[in-house]
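Asks: Here the sequence shown is numbered in my numbering, starting from 58 and rising by one per residue.
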Amino acid sequence: MNEVSSLLERHGIRPTQQRVKVAEVLLVAPVHLTAEQLLSTLRQFPSRVSKATVYNTLKLFVDHGLVRQIHLDPERCVYDSAMTPHHHFQNVETGEMRDIRPDELTLERMPTLPPGTEIDGVEVVIRVRPQAS
Ligand SMILES: [Zn+2]
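Pasting the structure below:
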């Protein structure tokens, strides 16, 4: 069994051929991909993976803690294969996401939390655009 298959099994996911294909694109190196980008990457390979399978597999990976879903706007999200907490630069023109290491950014002050809540995580997105020339 290959490395990707055993990674899926360790997370309680049965490694079907199609799930392994999705995982090979998404999990082998740290990437940020939208479902559409993932789909078009997968379409470069001879064996077809349907759009429905890609969406179902992404949801499964999110539910089992293999990737994180980051919402860019109501219509779009990217799937991040780096599971440790970190921040992002987001290029508003290209949609490209780039990681910011947690130690590169510090927050001076936190707002008072809503009553009865505790912090689950803090992720900062710094939106950037190409410099005006
Ligand atoms: Zn990231």
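Ideal placement from N, C-alpha and C gives every residue a C-beta, glycine not left out.
Hey, out of 104, 154 and 159, whose CA is closest to residue 141's CA?
Replies: Against the sequence shown, residue 141 aligns to sequence position 84. Comparing Cα positions, the closest option is 159.
Asks: Which same chain residues end up closer than 6 Å to residue 182 when comparing Cβ atoms and leaving out the 5 residues on each side of it in sequence?
Replies: The sequence position of residue 182 within the sequence shown is 125, counting from 1. If we look at residue 182 and ignore the five residues flanking it on each side, its Cβ neighbours are 145 and 147.
Asks: If we call anything under 8 Å between Cβ atoms a contact, is residue 123 one with residue 89?
Replies: As a working mapping, residue 123 is identified with position 66 in the sequence shown. As a working mapping, residue 89 is identified with position 32 in the sequence shown. Result no, Cβ atoms of residue 123 and residue 89 do not sit closer than 8 Å.
Asks: To the nearest whole angstrom, what separates the beta carbons of residue 79 and residue 95, a pair I think is in contact under 8 Å?
Replies: The residue given as residue 79 occupies position 22 in the sequence shown. The residue given as residue 95 occupies position 38 in the sequence shown. Going by Cβ atoms, the distance from residue 79 to residue 95 rounds to 7 Å, so yes, they are a contact pair.
Asks: Taking the beta strand (DSSP E) that residue 73 falls in, what are its first and last residues?
Replies: For the purposes of this step, residue 73 is taken as residue 16 along the sequence shown, with counting starting at 1. Where residue 73 is concerned, there is no enclosing beta strand (DSSP E), given that its DSSP letter is neither H nor E.
Asks: Out of 163, 126 and 188, which one is the CA nearest neighbour of residue 149?
Replies: One-based indexing of the sequence shown puts residue 149 at position 92. The residue with the shortest Cα to Cα distance from residue 149 is 188.
Asks: Would you mind reading off the limits of the alpha helix (DSSP H) that contains residue 146?
Replies: Position 89 of the sequence shown holds residue 146. Run containing residue 146: none in the alpha helix (DSSP H); it sits in the beta strand (DSSP E), 144 to 148.
Asks: Could you spell out the range, first to last residue, of the beta strand (DSSP E) harbouring residue 133?
Replies: Locating residue 133 in the sequence shown gives position 76, where the first residue counts as 1. Counting along the chain, residue 133 sits inside the beta strand (DSSP E) bounded by residues 133 to 137.
Asks: Is residue 86 a contact residue of ligand 1, with contact defined as CB to any heavy atom under 7 Å?
Replies: Residue numbering aside, residue 86 sits at position 29 when the sequence shown is read from its first letter. No.
Asks: Assuming the contact rule is C-beta atoms closer than 8 Å, residue 112 and residue 126 should be a hit. Round their C-beta distance to whole Å, please.
Replies: Within the sequence shown, residue 112 is the residue found at index 55, counting from 1. Within the sequence shown, residue 126 is the residue found at index 69, counting from 1. Not quite, the Cβ-Cβ distance comes to about 12 Å (not below 8 Å), so this is no contact.
Asks: When we look at the beta-carbon of residue 118 and count the other beta-carbons within 10 Å, is it buried (16 or more) or exposed?
Replies: For the purposes of this step, residue 118 is taken as residue 61 along the sequence shown, with counting starting at 1. Flag for residue 118 reads buried.
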